[in-house]
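Colleague:
Residue numbers (our numbering), protein chains in the order written: chain A, 1 to 400; chain B, 1 to 400.
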């Protein structure tokens, strides 16, 4: 993995990733600053784990195998690591470029941060209730493009598209309001039958693990295209996810109570008894070409997200739609209450009206070519802090 | 295939499908009322065609291979058929249940019938311009759920979901405004690089073939959920496609001029010189449980669709988003000018206000349990009429 992706994972984290090595993609797990090549380690683990799960070149077979297998594989890995039986399969992470760890089935992007949805409402519908009427009743969502999900480190080309020009006409041009959105992304596994629903209390059967997600957005294209059927080309050019998929088990110590949701009360099929939020911090960094990295904002998922992953899954299956291994659920932009906790340039620059000052002669409203956006996360483990991510991408100029 | 799917294809059609036979899924082509088992025929064709393209259990490898291979395979099949060299691999179509012929990558649903969009506008925004401001400038679209695309003959369970109740509150209930949408669906192949665009004139490189598509819709769920990010659960429970994928070559004799698009003129990246429309007729049939089939409406694609498939593809890639083998583009509901040409119950019953009379004591506003909706299509070939489809699905009751 490239240097910006290099992180130091305690043994209780054990995230999964995929790298290319000797001409083959290999499923790996991360420990410290090393990876364990699970493809090579499969035989050493084979008493406890079906080696074919480790040798398929990615996470897909494991995602299909379901919760009992996920827990068994994780336990076997932890056991073998503690016993020193995987030492010969360790290599420094920095030697490898990351690959997307799984085949993204359907990508659903939610809109679950009340501060974010409120900011958007205040910006574009001033003087009215900032939240749409349905917002507190259900986790609003839409389908994104799964074929353009890319892994940490992949450059992102500025899109062109149709928009309203300054003269009121319609033009086709390179976006000049390119933005990021700081999100979490849940990687799903297992599968359901048509007509089956997943109750919020059963979400762990399908929530395999978590990535950081940057939902790149072209605001000028978005405002022109989105009515009446929602965003399309303003989002579909690229969505970046972190190379490391953090298993749900590693996140359990970070579980905290979720919002009360009493006004209005949630309908029974979305009601969640147990703690449904996760105490995850996210930082947004912007590095300008040839310059230093600036932290634009930082936010906490538990403090920002009204709807939980369990409720999002219950909602998404409430109509009987199936879940497939590899489905990806984005939380939507995670924005806190304060300005320095907002998760997009749209909010930070208040739709371009209030440039963000990064230095004496440096400011931004939206992203410039050469800018590198990096999301970094972290959460409390049992024995210390565990990093999540990072996910990084450089903005390349639009096609000529 | 079941009896309702049995059609009679002239040799110039040669659509592809997939059936299960002796425990294995097999790629097949249809001729008359027979299928040719291409898995079994692969060796007989192997001088002209890589046999692995025929033996992968579906269309996916062929879709990935690209236009020159598509043309070569079709020519080799036609040649071998004419020479009688495939007779031993023929079996009656009716012996087999159809399978979905390919793995759907991303599903994009457009909104390209002006009459349909206009009807929706007149219904829900009376007194204003029925078309959204962007509608004549770009082919409006959104991403649908690819994991719930099902093949002809698959029953569809009535979804439950959130909606506004009659008392103004919010409730979770079985949809009572279940609808169909009569559409065409383009199956795409080949692939593009990030940042690459596909000009309208190059669309044939990626338009592999055509299916009939029923975009099942729950109108009560849709009106509650759709603002601000578009339809989600009101569509995601099921989308039905025909078992037979009609190759673009077979459709060439049906090519006709597309609409002028002069008010406003289309921007250059969407401009299309050659004839972009297809003279395809669609019929919508409704069979009530234990009763006869009634033709609800019939429409012509060329007369109803403002935007062509070539323009939809140019639009979808105009931001640099990639195309993958297996992408599916729905046209959106195809509705003609006259009432008997409308492609949804929403329109035919004018949002439930004007029931459709089917017989002395039989009427419908939306679909009832046990109703079977069947779309049948057809278009002119060089030597006679060629059928397209059918696609059929029975409405099952909502889960208890």
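Note that CB positions come from ideal geometry on N, CA and C, so glycine has one too.
At which residue ranges does the stretch 16-59 of chain B contain complete alpha helix (DSSP H) runs of 4 or more residues, listed in the order of the chain?
Modeller: Qualifying alpha helix (DSSP H) stretches, in chain order: 38-41 and 51-54.
Colleague: What is the residue span of the alpha helix (DSSP H) that residue 73 (chain A) lies within?
Modeller: One-based indexing of the first chain puts residue 73 (chain A) at position 73. It spans 67-82 - the alpha helix (DSSP H) in which residue 73 (chain A) sits, taken as one unbroken run.
Colleague: Does residue 134 (chain B) come within less than 7 Å of chain A when only Cβ atoms are used?
Modeller: The residue labelled residue 134 (chain B) in the question sits at position 134 within the second chain. Yes, its Cβ sits closer than 7 Å to a Cβ of chain A.
Colleague: Who are the neighbours of residue 195 (chain B) on chain A, taking C-beta pairs under 7 Å?
Modeller: Stepping through the second chain from its first residue, residue 195 (chain B) is reached at position 195. Within 7 Å Cβ-Cβ: 157 and 399.
Colleague: Along the chain, where does the beta strand (DSSP E) that runs through residue 364 (chain B) open and close?
Modeller: Residue numbering aside, residue 364 (chain B) sits at position 364 when the second chain is read from its first letter. Residue 364 (chain B) -> beta strand (DSSP E) spans 362-364.
Colleague: Determine the DSSP secondary structure at residue 285 (chain B), reduced to helix, strand or coil.
Modeller: Your numbering for residue 285 (chain B) matches position 285 in the second chain. Strand.
Colleague: Beta carbon of residue 168 (chain A), beta carbon of residue 320 (chain A): below 7 Å?
Modeller: In the first chain, residue 168 (chain A) corresponds to position 168, counting from 1. In the first chain, residue 320 (chain A) corresponds to position 320, counting from 1. No. Outside cutoff.
Colleague: How do the stretch 106-121 of chain B and the stretch 35-46 of chain B stand: do at least 3 beta-carbon pairs fall below 8 Å, yes or no?
Modeller: No, they do not touch.
Colleague: If the criterion is Cβ atoms closer than 7 Å, does the pair residue 484 (chain A) and residue 200 (chain A) meet it?
Modeller: This structure cannot speak to residue 484 (chain A), because chain A is shown only from 1 to 400.
Colleague: Spell out whether any CB of chain A is found under 7 Å from the CB atom of residue 1 (chain B).
Modeller: As a working note, residue 1 (chain B) is residue 1 in the second chain. Confidence in residue 1 (chain B) is poor, its pLDDT being 43 and thus under 50, which makes the residue's placement too unreliable to answer from.
Colleague: With a Cβ-Cβ cutoff of 7 Å, do residue 238 (chain B) and residue 104 (chain B) count as a contact?
Modeller: As a working mapping, residue 238 (chain B) is identified with position 238 in the second chain. As a working mapping, residue 104 (chain B) is identified with position 104 in the second chain. Cβ distance not < 7 Å, so residue 238 (chain B) and residue 104 (chain B) don't count as in contact.
Colleague: Which of the residues in the stretch 140-152 of chain B, read from start to end, lie with their CB under 7 Å from any CB of chain A?
Modeller: Taking 7 Å as the Cβ-Cβ cut-off against chain A, the residues of the stretch 140-152 of chain B that qualify are 140, 141, 142, 143, 144, 145, 146, 147 and 148.
Colleague: Using a C-beta to C-beta distance shorter than 8 Å, which residues of chain B count as neighbours of residue 225 (chain A)?
Modeller: Numbered from its first residue, the first chain carries residue 225 (chain A) at position 225. Going along chain B in sequence order, the residues near residue 225 (chain A) (Cβ under 8 Å) are 134, 138 and 140.
Colleague: With distances taken Cα to Cα, identify the nearest neighbour of residue 297 (chain A) among A:340, A:182, A:99 and A:396.
Modeller: Position 297 of the first chain holds residue 297 (chain A). Residue A:340 is the option with its Cα nearest to residue 297 (chain A).
Colleague: By the 10 Å Cβ neighbour count, where 16 or more other Cβ atoms means buried, how is residue 1 (chain B) classified, buried or exposed?
Modeller: Within the second chain, the letter at position 1 stands for residue 1 (chain B). Its pLDDT being 43, under 50, residue 1 (chain B) is placed unreliably by the model, and the measurement read from it follows with that caveat. It counts as buried.
Colleague: I'd like the list of long-range same chain contacts for residue 145 (chain B), defined as Cβ closer than 6 Å, with 5 residues on each side in sequence excluded.
Modeller: To locate residue 145 (chain B), count along the second chain from 1; it is residue 145. Excluding positions up to five away in sequence, the list reads 236.
Colleague: Just to make sure I have the definition right: I need the residues of chain A whose C-beta is within less than 9 Å of the C-beta of residue 16 (chain B). Which are they?
Modeller: Residue mapping note: residue 16 (chain B) aligns to position 16 of the second chain, counting from 1. What residue 16 (chain B) touches in chain A: nothing, since even the nearest Cβ is about 22 Å away.
Colleague: Taking 7 Å as the threshold (beta carbon to beta carbon), is residue 213 (chain B) in contact with chain A?
Modeller: As a working mapping, residue 213 (chain B) is identified with position 213 in the second chain. For residue 213 (chain B), the answer is no, since every Cβ of chain A falls outside 7 Å of its Cβ.
Colleague: Measure from the C-beta of residue 229 (chain A) to each C-beta in chain B and report whether the shortest distance is under 7 Å.
Modeller: Locating residue 229 (chain A) in the first chain gives position 229, where the first residue counts as 1. True, the Cβ-Cβ gap to chain B drops below 7 Å.
Colleague: How about residue 326 (chain A) and residue 62 (chain A): do their beta carbons lie closer than 7 Å?
Modeller: Locating residue 326 (chain A) in the first chain gives position 326, where the first residue counts as 1. Locating residue 62 (chain A) in the first chain gives position 62, where the first residue counts as 1. Their beta carbons are not under 7 Å apart, which means residue 326 (chain A) does not touch residue 62 (chain A) by this criterion.
Colleague: Determine whether the Cβ of residue 4 (chain A) lies closer than 7 Å to any Cβ atom of chain B.
Modeller: Taking the first chain and counting its residues from 1, the one referred to as residue 4 (chain A) is at position 4. Note that residue 4 (chain A) scores a pLDDT of 49, beneath 50, so its modelled location is shaky; the value from the coordinates is reported in the next line. Chain B contact via Cβ: absent.
Colleague: Just to make sure I have the definition right: I need the residues of chain A whose C-beta is within less than 9 Å of the C-beta of residue 251 (chain B). Which are they?
Modeller: The count along the second chain starts at 1 and reaches residue 251 (chain B) at position 251. Simply none; closest approach about 25 Å.
Colleague: Taking 7 Å as the CB-CB limit, is residue 170 (chain B) close to chain A?
Modeller: Walking along the second chain from the start, residue 170 (chain B) turns up at place 170. Yes, residue 170 (chain B) lies at the interface with chain A (some Cβ there is under 7 Å from its Cβ).
Colleague: Under three-state DSSP, which class holds residue 388 (chain A)?
Modeller: Locating residue 388 (chain A) in the first chain gives position 388, counting from the first residue. Strand at residue 388 (chain A).
Colleague: Note down, in chain order, each residue of its chain lying with its Cβ closer than 8 Å to the Cβ of residue 179 (chain A), except the 5 sequence neighbours on either side.
Modeller: By one-based count along the first chain, residue 179 (chain A) stands at place 179. 216, 217, 218, 219, 344, 345, 346, 366 and 367.
Colleague: Helix, strand or coil, according to DSSP, for residue 3 (chain B) in the structure here?
Modeller: The residue you call residue 3 (chain B) lines up with position 3 of the second chain. Unreliable positioning characterises residue 3 (chain B) in this predicted model, as indicated by a pLDDT of 44, which lies under 50. A coordinate reading is not provided.
Colleague: If I measure Cβ to Cβ from residue 3 (chain A) and keep anything under 8 Å in the same chain, skipping five residues before and after, which residues do I get?
Modeller: In the first chain, counting from the first residue as 1, residue 3 (chain A) sits at position 3. In this predicted model, residue 3 (chain A) has a pLDDT of only 44, less than 50, meaning its place in the structure is not dependable enough to derive any value.
Colleague: What is the residue span of the alpha helix (DSSP H) that residue 224 (chain B) lies within?
Modeller: Position 224 of the second chain, counted from the first residue, corresponds to residue 224 (chain B). Segment 219-225, the alpha helix (DSSP H) holding residue 224 (chain B).
Colleague: Looking at the structure shown, is residue 124 (chain B) part of a helix, part of a strand, or coil, going by DSSP?
Modeller: Here the question's residue 124 (chain B) lines up with position 124 in the second chain. Of the three classes helix, strand and coil, the one that applies to residue 124 (chain B) here is helix, per DSSP.
Colleague: Could you have a look at residue 200 (chain A) and say whether DSSP puts it in helix, strand or coil?
Modeller: What you label residue 200 (chain A) is simply residue 200 of the first chain in a count that begins at 1. In the structure shown, residue 200 (chain A) sits in a helix (DSSP, three-state: H, G or I).
Colleague: Per DSSP, residue 418 (chain B) is paired with what?
Modeller: Any answer about residue 418 (chain B) is impossible in this case: the structure gives chain B only from 1 up to 400.
Colleague: Output the distance between the C-alpha atoms of residue 334 (chain B) and residue 251 (chain B), rounded to the nearest integer angstrom.
Modeller: Here the question's residue 334 (chain B) lines up with position 334 in the second chain. Here the question's residue 251 (chain B) lines up with position 251 in the second chain. Each residue's alpha carbon lies about 18 Å from the other.
Colleague: Which same chain residues end up closer than 7 Å to residue 402 (chain A) when comparing Cβ atoms and leaving out the 5 residues on each side of it in sequence?
Modeller: Coverage of chain A is limited to positions 1 through 400, which leaves residue 402 (chain A) absent and any answer about it impossible.
Colleague: Give the residues of chain A in contact with residue 111 (chain B), contact being defined as C-beta atoms less than 9 Å apart.
Modeller: One-based indexing of the second chain puts residue 111 (chain B) at position 111. Here the neighbours are 228 and 229.
Colleague: What is the DSSP secondary structure of residue 381 (chain B), reduced to helix, strand or coil?
Modeller: Reading the second chain from its first residue, position 381 is the one you call residue 381 (chain B). DSSP places residue 381 (chain B) in coil when its eight states are reduced to three.
Colleague: Got a sec: which bits of the stretch 71-95 of chain B sit with their beta carbon under 9 Å from any beta carbon on chain A, in order along the chain?
Modeller: Those would be none; no residue qualifies.
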